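Visitor:
4 protein chains.
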Amino acid sequence: MKIGKQSAPYQAICTSNPETIIVRGHDLVDNLVGSISFTEYTWLLVAGSLPDEKQRRMLDATLVAIAEHGLVPSVQAARMTLAASPEAVQGAVAAGLLGCGSVILGASETSGAFFRDIREEAKASGSSVEAAAEKLLRGYREQKKPVPGYGHPLHKGHDPRAKRLLAIARELGVAGIHCEIAKTVERLIPEIIGRPLVMNVSSAIPCVLLDAGYPLLALKGVPLLARTAGLIGHLLEEQTRPIGFIMSQAAAAAIEYDGPAPEGFVANEN
Amino acid sequence: MKIGKQSAPYQAICTSNPETIIVRGHDLVDNLVGSISFTEYTWLLVAGSLPDEKQRRMLDATLVAIAEHGLVPSVQAARMTLAASPEAVQGAVAAGLLGCGSVILGASETSGAFFRDIREEAKASGSSVEAAAEKLLRGYREQKKPVPGYGHPLHKGHDPRAKRLLAIARELGVAGIHCEIAKTVERLIPEIIGRPLVMNVSSAIPCVLLDAGYPLLALKGVPLLARTAGLIGHLLEEQTRPIGFIMSQAAAAAIEYDGPAPEGFVANEN
Amino acid sequence: MKIGKQSAPYQAICTSNPETIIVRGHDLVDNLVGSISFTEYTWLLVAGSLPDEKQRRMLDATLVAIAEHGLVPSVQAARMTLAASPEAVQGAVAAGLLGCGSVILGASETSGAFFRDIREEAKASGSSVEAAAEKLLRGYREQKKPVPGYGHPLHKGHDPRAKRLLAIARELGVAGIHCEIAKTVERLIPEIIGRPLVMNVSSAIPCVLLDAGYPLLALKGVPLLARTAGLIGHLLEEQTRPIGFIMSQAAAAAIEYDGPAPEGFVANEN
Amino acid sequence: MKIGKQSAPYQAICTSNPETIIVRGHDLVDNLVGSISFTEYTWLLVAGSLPDEKQRRMLDATLVAIAEHGLVPSVQAARMTLAASPEAVQGAVAAGLLGCGSVILGASETSGAFFRDIREEAKASGSSVEAAAEKLLRGYREQKKPVPGYGHPLHKGHDPRAKRLLAIARELGVAGIHCEIAKTVERLIPEIIGRPLVMNVSSAIPCVLLDAGYPLLALKGVPLLARTAGLIGHLLEEQTRPIGFIMSQAAAAAIEYDGPAPEGFVANEN
């Protein structure tokens, strides 16, 4: 059956014949393999043209910043999944990536959309970035929505990754309107939201990448791609030094059953 | 409950405190972000130490070679999933990666294990690589198992990506025993299996990476990581030029229902 | 690290010891296995107590209604995934379920929330269901949001599954305020939205189940559980009569590459 | 491109037109919705014809037996995923199902194949079930492969679910050759493997269902379908009493970092 209104049966990413593979207009084998880095290729795949040196360095910096942060929930889910299903590494990676959501890891996307909204509000109303940011932040507070990309459970004073990414953006001359917006938001938060919330890596990534010309709608791809590398490291370790079931046992032991039970029943799951 | 025999509650990838994040012994923010490429970081995460220049170039070449090959089944699954569930880009990427299996895309892992087995057989029996390869290939033929990493539905004469990766391995001085084994297998296949099957990208990746010192058990991570970049490009395009439902309609139209139906029933799903 | 504000380390679903497994207060082996149907058990797991006969029949009817509708996108994604990764049936099922999203299949959840909002608006404002429905529908039109659970690409005149589910709810004496709301919305749509959109199965499921006492927040579980049964049927067939790659080839052939290519390049992917 | 040798573009599960949906030859709306239970429908979808009463009761019993066993790894992965990505219940269910693998939960499939192999060995060699089981068990011991469906981390004396399923198969008159094989294997294990391993639910499910006429290749669907119901219960609870991040914190706290770190670095992730 025909679902929806899609009507343009085209794609512009890759085509091939038995001898040649063309990606974004380039001959993959003759001009890309061996000639460019994976980061440059990622930019090409996503943005449609090769990055300049600044863009490449900015994307590299964000991917390195977000790829790994220890035994976070998505890594635990992936390692537990591999322990149960060692025949399918792809399933364990998938289980890990499914935790790149709106609450953790996936906030790069919503944070980038928030910065765009502030930029457009400033432009539409002819007001300053500060006035536009204040207006939108007040809206978030009224709706009790969390400000995406601000605050961190561990790095409360500041998120060192965010600070470093903004410093690199300045060094490279990439920093522009989105970095300005991001810092303005951080400055306004204590008064408007009522407590300080520092920029975390998920607001730093979109502001430096949007300033570098990376597409807004592909922002979620950055943590997803980066974490895949982290997950592969963890899943290799899980094959040689397994901890998936140890973590699972500890997690289960931390939770108590408080539902009904027949008289005399004594739980003992160990 | 305690499942299995896991007993060493350790990981050696990442630790942190509020100011500092340590990855594989390095200070993430001070020494890695902005200093190394994502490919170097991937090698560090997986192998535990930073790659040298040859290793980095070899990994870059394999990631670029495998990341994208048009509207393959896994890309279709991902784009259809995003069309149905636009709220969850992570779900669409996961759906795409779940198709990196033993039949397509995931063969890097099994192909690498096959080369290792040949290497170990030659060592154990004191025979030549050729004799060992012949012995194992005959075993595959007897069990009618496909030889992992050989043959390609489109690139029948030769897979240009495989040829290029081996050339790069030679240029870099990386090519060694695993490349030799891979080419020996290709040479023996016509006689032993009964028809020519060319090395495809999934046998080229393991032989050049194993020769470069990349860990065998992380080989499946290479197509998984690379394809994530390809999927992000496709999912960005799907958001702006959707084809997920067009592809689905064409796929459904290619299949006929041949089960029972009440008399007089006329199918019409368009 | 401690993420978020979770502080009550409890669950009330299942506990056990080596001899006994307790689910929702019942002895699983002595009182449930062999005594109740899977549908009754699903209700118990989700709602916390066993259903009465009407509730059981209503849930059975919705699960049967939504489980299968041929080669829809999620089934295609699952069958393509199995063709590529036959070693992991669980991955193919997961790929299929990831397409139960906000656009197709997953609308039971949003449709149920929409009905609840209308019910609460009527109560809060002391107005009629009709007035409340009209107010919310006008809001959807202004924001150009699709009305969840109305309209169907194939069943344009009426969705026979929706009609049947409402008839069963009436026969069982289950139909109440949510069914009334659902039909009121259908009646108002032509005038407010500007064209007729019939109730589809994704609005019928929430209205009959909410009237039966099924929890709103578990509504998405109904299509997810039901489709799992459909997917298992398809994946069994895929193992014996594979069509995953045939569908993929047809889907790819329906899309043309319209990006740049080197002069003289002729695509030929067949 | 054309992958593989698929050539029969048919499916025999479902067809439709705007008024009617046909499933396995039946009119879905007129003859199935409201008339049969979800378990009967599952059998129809999978096996192609409606079950008799014994088959229906046997399938119900297995689904109820395996659906829920507390905070097992797959449930933890699902709840952590929902905590991180509350926008995508389908992603959390998928993450949970990806843990139905060869080590836990997914063994119904491999156990069923093991019983078939014993049955076929007995037939081919004209030997007794006992002799055939002994031969195959010795093969498992030599290859140090675990016997699928035997042994349980919690239920060491006996798995009460397995015992109950076999009793039901006897009561219904369903028990046949596969139940005999399963018990023979249990009896032989202490001598051949060297320690007692009781039948667990993953060997009980295939023997009772194969005896009832359920298709071998769809056995993995039983735990997958059943656990989906369990997961939906847990994900509803996670929305109202979240424990995903509590479990994650406990799991992380159970693991120590034993890799290198700069001098003076003190980990403190709490």
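Chains as they are written, first to last, in the numbering used here: chain U, 1 to 270; chain G, 271 to 540; chain E, 541 to 810; chain H, 811 to 1080. The beta carbon of each residue, even a glycine, is placed where N, CA and C say it ideally should be. The model shown is predicted, which means the values in this text are computed figures rather than measured ones.
Compare the C-beta of G:Y484 against all C-beta atoms of chain U and say whether one is closer than 8 Å.
Guide: For the purposes of this step, residue 484 of chain G is taken as residue 214 along the second sequence, with counting starting at 1. No, no contact with chain U.
Visitor: Could you tell me the alpha carbon to alpha carbon distance between H:D840 and H:L1034, rounded to whole angstroms?
Guide: Here residue 840 of chain H refers to the residue found at position 30 of the fourth sequence. Here residue 1034 of chain H refers to the residue found at position 224 of the fourth sequence. Their Cα atoms are separated by approximately 29 Å.
Visitor: Using only CA atoms, which one of H:A941, H:R926, H:R1037 and H:E931 lies nearest to H:P958?
Guide: Working through the fourth sequence from its first residue, we reach residue 958 of chain H at position 148. The shortest Cα separation from H:P958 among H:A941, H:R926, H:R1037 and H:E931 belongs to H:R926.
Visitor: Just confirm the distance between the C-beta atoms of U:G101 and H:A1061, as a whole number of angstroms; I'd bet it's less than 8 Å.
Guide: To locate residue 101 of chain U, count along the first sequence from 1; it is residue 101. To locate residue 1061 of chain H, count along the fourth sequence from 1; it is residue 251. Wrong, their Cβ atoms sit about 18 Å apart, outside the cutoff.
Visitor: Starting from U:V185, find everything on chain E with Cβ-Cβ shorter than 9 Å and list it in chain order.
Guide: Position 185 of the first sequence holds residue 185 of chain U. Those within 9 Å of U:V185 in chain E number zero; the least Cβ separation is about 21 Å.
Visitor: Would E:T621 pass as an interface residue toward chain G - the criterion being a Cβ-Cβ separation below 8 Å?
Guide: As a first step, residue 621 of chain E is located in the third sequence; it is residue number 81 there, counting from the start. Answer yes: the Cβ-Cβ gap between E:T621 and chain G drops below 8 Å somewhere.
Visitor: Assuming E:C554 and H:E878 make a contact with CB atoms under 8 Å, what is their CB distance in whole Å?
Guide: For the purposes of this step, residue 554 of chain E is identified with residue 14 of the third sequence, where counting begins at 1. For the purposes of this step, residue 878 of chain H is identified with residue 68 of the fourth sequence, where counting begins at 1. Indeed, because the Cβ distance is near 5 Å, the residues count as touching under 8 Å.
Visitor: Report the start-end ranges of each beta strand (DSSP E) in the stretch 15 to 96 of chain U that is 3 residues or longer and not cut off at the edges.
Guide: Complete beta strand (DSSP E) runs here, min 3: 21 to 23.
Visitor: Against chain G, with Cβ distances strictly below 8 Å, would U:P160 count as a contact?
Guide: Sequence index remark: in the first sequence, residue 160 of chain U carries index 160 (1-based). Answer yes: the Cβ-Cβ gap between U:P160 and chain G drops below 8 Å somewhere.
Visitor: Examine chain H for any beta-carbon lying closer than 8 Å to the beta-carbon of E:S577, and answer yes or no.
Guide: In the third sequence, counting from the first residue as 1, residue 577 of chain E sits at position 37. True, the Cβ-Cβ gap to chain H drops below 8 Å.
Visitor: Could you tell me whether the stretch 514 to 529 of chain G touches the stretch 402 to 413 of chain G, using the rule of 3 or more Cβ pairs below 8 Å?
Guide: Verdict: no, contact absent.
Visitor: Between the C-alpha atoms of U:A124 and U:E130, what's the straight-line distance to the nearest angstrom?
Guide: If you number the first sequence from 1, residue 124 of chain U lands on position 124. If you number the first sequence from 1, residue 130 of chain U lands on position 130. C-alpha separation (whole angstroms): 14 Å.
Visitor: If distances are taken between C-alpha atoms only, which option among E:E803, E:I786 and E:A702 comes closest to G:Q346?
Guide: In the second sequence, the residue the question calls residue 346 of chain G occupies position 76. Taking only the C-alpha atoms, the option nearest G:Q346 is E:I786.
Visitor: Do three or more CB pairs link the stretch 558 to 569 of chain E to the stretch 849 to 867 of chain H at distances below 8 Å?
Guide: No: fewer than three Cβ pairs fall under 8 Å.
Visitor: Could you please give me the residues that DSSP links to U:S256 through a beta bridge?
Guide: Counted from its first residue, the first sequence places residue 256 of chain U at position 256. For the sequence presented, residue 256 of chain U should be read as Glu rather than Ser. Per DSSP, E:Y550.
Visitor: How is G:L375 classed by DSSP in three states: helix, strand or coil?
Guide: Position 105 of the second sequence, counted from the start, is the residue given in the question as residue 375 of chain G. Strand.
Visitor: Is the separation between the beta-carbon of U:L98 and that of H:G986 shorter than 8 Å?
Guide: Working through the first sequence from its first residue, we reach residue 98 of chain U at position 98. Working through the fourth sequence from its first residue, we reach residue 986 of chain H at position 176. Cβ atoms of U:L98 and H:G986: not closer than 8 Å.
Visitor: Measuring only the C-alpha atoms, how far is G:L506 from U:L217?
Guide: Sequence index remark: in the second sequence, residue 506 of chain G carries index 236 (1-based). Sequence index remark: in the first sequence, residue 217 of chain U carries index 217 (1-based). Going by the C-alpha atoms only, they are around 6 Å apart.
Visitor: Please report the residue range of the alpha helix (DSSP H) in which H:K973 lies.
Guide: In the fourth sequence, residue 973 of chain H corresponds to position 163, counting from 1. Where H:K973 is concerned, the enclosing alpha helix (DSSP H) stretches over P970 to L982.
Visitor: Does DSSP put E:Y680 in a helix, a strand or coil?
Guide: Walking along the third sequence from the start, residue 680 of chain E turns up at place 140. In this structure, E:Y680 counts as helix in the three-state DSSP scheme.
Visitor: Would the stretch 496 to 506 of chain G and the stretch 439 to 453 of chain G be scored as touching if the rule is three or more Cβ pairs under 8 Å?
Guide: The stretch 496 to 506 of chain G vs the stretch 439 to 453 of chain G: no contact.
Visitor: What residue range is occupied by the uninterrupted alpha helix (DSSP H) comprising H:S1013?
Guide: Here residue 1013 of chain H corresponds to residue number 203 of the fourth sequence, with the count starting at 1. Run containing H:S1013: V1011 to A1022, per the alpha helix (DSSP H) assignment.
Visitor: Any idea if G:R440 is buried or exposed, counting beta-carbon neighbours within 10 angstroms, 16 or more meaning buried?
Guide: One-based indexing of the second sequence puts residue 440 of chain G at position 170. So G:R440 ends up on the exposed side.
Visitor: What in chain E is Cβ-close to H:K955, meaning under 7 Å?
Guide: Your numbering for residue 955 of chain H matches position 145 in the fourth sequence. Near H:K955 there are no residues of chain E at all, since even the closest Cβ is about 16 Å away, more than 7 Å.
Visitor: Along the stretch 1044 to 1070 of chain H, where does the CB come closer than 7 Å to a CB of chain C? Name the residues.
Guide: Looking at the structure shown, chain C is missing, and the protein chains on hand are U, G, E and H.
Visitor: What residue range is occupied by the uninterrupted alpha helix (DSSP H) comprising H:P1000?
Guide: Along the fourth sequence, read from residue 1 onward, the residue named residue 1000 of chain H stands at position 190. H:P1000 -> alpha helix (DSSP H) spans I987 to I1003.
Visitor: Please work out which residues of its chain come closer than 7 Å, Cβ to Cβ, to G:A348, disregarding the five sequence neighbours upstream and downstream, and give them in chain order.
Guide: On the second sequence, position 78 is the one that residue 348 of chain G refers to. Same-chain partners within the cutoff: A362, V363, A365, G366, L501, H504 and L505.
Visitor: For G:N470, which option in G:K426, G:K490, G:Q509 and G:G491 has the closest C-alpha, if you only look at C-alpha atoms?
Guide: Mapped onto the second sequence, residue 470 of chain G falls at position 200. Of the listed residues, the one whose Cα sits closest to G:N470 is G:K426.
Visitor: For a quick check, are the C-beta atoms of G:I475 and G:L467 less than 8 Å apart?
Guide: For the purposes of this step, residue 475 of chain G is identified with residue 205 of the second sequence, where counting begins at 1. For the purposes of this step, residue 467 of chain G is identified with residue 197 of the second sequence, where counting begins at 1. Contact flag unset, no.
Visitor: Which whole-angstrom value describes the C-beta separation of U:K5 and G:Q519, a residue pair presumed to lie in contact below a C-beta threshold of 8 Å?
Guide: One-based indexing of the first sequence puts residue 5 of chain U at position 5. One-based indexing of the second sequence puts residue 519 of chain G at position 249. Contact doesn't hold; Cβ gap of about 12 Å is too wide.
Visitor: Buried or exposed: which applies to E:G646, given that a residue is buried once 16 or more other Cβ atoms fall within 10 Å of its Cβ?
Guide: One-based indexing of the third sequence puts residue 646 of chain E at position 106. Answer is buried; the Cβ neighbour count reaches 16.
Visitor: If you draw a straight line from the C-alpha of G:E251 to the C-alpha of U:L219, how long is it?
Guide: Given a span of 271 to 540 for chain G in the structure shown, any question on residue 251 of chain G remains unanswerable.
Visitor: Could you say which of E:I732, E:E809 and E:E660 lies nearest to E:Q683 if we only look at CA atoms?
Guide: Translated into the one-based positions of the third sequence, residue 683 of chain E becomes position 143. It is E:I732.
Visitor: Count the other CB atoms within 10 Å of the CB of G:E456; is the residue buried (16 or more) or exposed (fewer)?
Guide: Here residue 456 of chain G refers to the residue found at position 186 of the second sequence. Buried, because 16 or more other Cβ atoms sit within 10 Å of the Cβ of G:E456.
Visitor: Output, in chain order, the set of chain U residues within a Cβ distance shorter than 8 Å of H:Q886.
Guide: Here residue 886 of chain H is taken as the residue at index 76 of the fourth sequence, counted from 1. Within 8 Å Cβ-Cβ: Q76, A77, M80, S248, A251 and A252.
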